[in-house]
Every structure is written in structure tokens, then in C-alpha cells.
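The next block holds one structure in the form of C-alpha cells; read it before the comments.
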Amino acid sequence: MDGNVLLALGLTLFAGLATGVGSLIAFFTTRTNTKFLSAALGFSAGVMIYVSLVEIFVKAKDSLTAALGATNGYWMTLVGFFGGILFIALIDKFIPNKNNPHEVRTVEDVNAVESRPHTDADKLMKMGTFTALAIAIHNFPEGIATFMSALQDPNLGIAIAIAVAIHNIPEGIAVAVPIFFATGIRMKAFRLSLLSGLAEPVGAVVAYLILMPFLNDVMFGVVFASVAGIMVFISLDELLPAAKKYDETHISIYGLVAGMAVMAISLVLLG
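The sequence shown begins at 180 in our numbering and counts up one residue at a time.
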């Protein structure tokens with residue numbers, strides 16, 4: 180296993196562990212810093228959207244047009260891009276809204292839960308388990324996206340891993356609250372939240388074992404185009420709506436523009 184693969188796996192693990200950071204924030208702070216979360220989510224979305232459309236999509240198209248010709252290569256890039264969107268959209272479709280981990284939660288919800296009597300432990304535990312499963316399912320394709328990006332370009336992978344990690348911090352809050360609601364035990368909520376985030380490195384390992392043996396120019400182009408589609412969908416469907424819910428003014432949009440600007444400058448300096 181070469182150094183690039185190890186780096187890509189490490190970055191994916193780093194991004195996944197950020198769910199645990201979110202649950203710690205939920206348990207060890209007294210109030211939600213909504214301005215920070217709004218700016219951070221907007222920043223993450225800006226990084227993902229910019230890098231997906233300006234860098235990843237273009238690299239996928241270049242790879243596919245070199246292998247299949249200009250017209251067929253472009254069509255295959257579009258198939259991969261919208262196929263990635265369809266894939267992540269179907270995952271969202273089959274997860275019930277009440278268990279969707281991208282529902283905005285706040286630290287204050289923990290305090291409200293803590294004071295509530297636990298009268299139906301079985302029902303609450305079932306709800307908490309489904310929530311942990313939901314976030315694991317969501318994180319699996321994100322792990323593939325982070326891994327494949329880092330494998331192709333380590334600098335690109337670092338930027339995406341940071342964006343995904345920022346995105347996973349409030350996601351950790353979102354999953355910790357209902358699990359704590361289910362069990363009343365902080366450590367169990369933290370542990371399950373952390374484990375659900377580990378679906379990202381699992382996604383990376385699956386990508387390594389299944390995709391790597393077949394990775395030629397066409398496979399790379401299709402997978403990379405799909406990664407772009409997955410990240411654009413995550414940004415538009417999850418990050419920006421959550422950022423706006425935490426928002427008080429236009430902080431999320433400022434964060435979005437800042438994320439795009441930082442990513443653009445980074446690509447110039449590191450390119």
C-alpha cells in the first residue's frame with residue numbers, strides 16, 4: 180500500500196471522526212454558537228461546490244475525453260455527474276425524515292432532553308439506533324468521495340477532508356441529541372455518534388478494495404464525475420439549508436463565498 184493510499188485513508192478517517200467532535204461540543208458547551216456553525220457550514224459548501232465544478236468535474240472530463248473522444252467523453256462525464264447526484268438522492272429518499280441526521284439540532288436540545296423523563300425506553304432506543312444508522316449510510320458515499328479525491332490529488336484531498344470534517348461537526352450534534360434522548364447516557368451517545376462517523380473510512384476501504392483493481396482512465400473519470408455530483412448534492416441539499424437555519428443575517432453566504440475564494444486561491448498556489 181503506497182503513501183498516497185495511506186494519506187487518502189487517513190484523511191477520510193480524520194473527516195469521519197469529526198462527528199465525535201460534534202457530539203463533544205453538544206455535551207460540554209452550554210449554548211450553540213450559531214454564527215460559527217452557519218459560517219462553517221457555508222464555508223464547507225463553498226469549498227465543495229467550487230472544487231466539484233471547477234476542478235473535479237474538469238479532471239473527470241479530461242480523463243474521459245482522452246479515453247473515449249470529445250463527444251462520448253463529455254456525455255460519459257455527464258452520466259457520471261448526474262449518476263452521483265441520483266445515488267446520494269436515493270439514499271436521502273429512503274431515510275425517513277424523523278431519522279435524517281441532517282435535521283438541524285442545537286446544544287440547547289441536549290439540555291431539554293436531559294430534563295425529560297424517559298418513559299418509553301424501547302421506543303427511544305429504536306429511534307436512536309435508526310438515527311445512528313442513518314448517519315452511517317449518509318457518510319459512506321462521502322468517504323468514497325474524500326478517498327478518491329485524495330488519491331488523485333493529495334492537496335485536493337486535504338481541502339475536501341477539511342470541508343467534510345466541518346460538515347460533520349454539526350452532524351455529530353444532530354446524531355448525539357436523539358441518541359442521548361434514546362438512552363439518557365452521554366457516553367453511549369458519544370460512542371454511537373463516533374462509530375457512525377467511521378462509515379466514512381469504511382467507504383474509503385470499500386472504494387480501495389473494489390474500485391482500485393479496475394481503475395483505468397474510464398473508471399477514474401466516471402468515479403470522479405460521480406464524486407463531483409455527490410458533493411454538489413450534499414452542499415445544496417444539506418449544508419446550505421442547515422447553514423441558513425443556523426443563520427441570523429447573511430453569515431452563511433459570506434462563509435460560502437469565503438470557502439470558494441479560499442479553494443480558488445489554494446488551487447492556484449498548490450497547482
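We put the beta carbon where it would ideally sit given N, CA and C, even for glycine.
| Asked | Found |
| --- | --- |
| Is the CB-CB distance between HIS346 and LEU446 below 8 Å? | no |
| For ASN395, which three-state DSSP category applies? | coil |
| Need the endpoints of the alpha helix (DSSP H) that GLU379 sits in, please. | 378-385 |
| Does the beta-carbon of THR191 have 16 or more other beta-carbons within 10 angstroms, so that it is buried, or is it exposed? | buried |
| Can ILE352 and GLY225 be called in contact, C-beta distance under 8 Å? | no |
| Excluding the 5 residues preceding and the 5 following VAL343 in the sequence, name in chain order all residues of the same chain whose CB lies nearer than 7 Å to its CB. | ALA194, GLU321, THR325 |
| Is the beta carbon of VAL401 sitting closer than 8 Å to the one on MET255? | yes |
| Does the Cβ-Cβ distance between ALA268 and VAL397 come in under 8 Å? | no |
| What is the DSSP secondary structure of ASP426, counted as helix, strand or coil? | coil |
| Can you tell me which of the three DSSP states PHE273 falls into? | coil |
| Within the continuous alpha helix (DSSP H) that includes VAL226, where are the two ends? | 213-229 |
| Am I right that LEU216 and PRO349 are in contact with their C-beta atoms under 8 Å? What's the rounded C-beta distance? | 5 Å |
| Pair every Cβ in the stretch 257-272 with every Cβ in the stretch 312-320, then say whether three or more of these pairs are closer than 8 Å. | yes |
| By the three-class DSSP mapping on this structure, what secondary structure does ASP416 have? | helix |
| Exposed or buried, ALA467, counting other C-beta atoms within 10 Å across all chains shown (16 or more means buried)? | Nothing about residue 467 can be read from this structure; the chain reaches only from 180 to 450. |
| Can you grab the Cα-Cα spacing for the pair ALA355 / ALA315, in whole Å? | 13 Å |
| From this set, LEU373, ILE409, LEU388, which residue's C-alpha is nearest ASP271's C-alpha? | ILE409 |
| Using alpha carbons as the reference points, say which of MET391, LEU330, ASP241 lies closest to VAL184. | LEU330 |
| Can you give the beta carbon distance from ALA407 to PHE236, rounded, assuming they're within the 8 Å contact cut? | 5 Å |
| Looking at the structure shown, is PRO296 part of a helix, part of a strand, or coil, going by DSSP? | For PRO296, the pLDDT reaches just 49, beneath the cut-off of 50, and the residue's location in the model is therefore unreliable, although a value from the coordinates is still provided. It is coil, neither helix nor strand. |
| For PRO296, count neighbouring Cβ atoms within 10 angstroms of its own Cβ and tell me buried if that reaches 16, exposed if not. | In this prediction, PRO296 has a pLDDT of 49, which is less than 50 and means its spatial position is unreliable; what the coordinates show is noted afterwards. Result: exposed. |
| How many angstroms separate the CA atom of ALA443 from the CA atom of GLY363? | 45 Å |
| Count the other CB atoms within 10 Å of the CB of GLY182; is the residue buried (16 or more) or exposed (fewer)? | exposed |
| Skipping 5 residues on each side, what residues in its chain have a beta carbon closer than 6 Å to that of ALA197? | ALA344, ASN347, ILE348 |
| Starting from the Cα of ALA378, find the closest Cα among PHE393, ALA313, ILE432 and give me that residue. | ALA313 |
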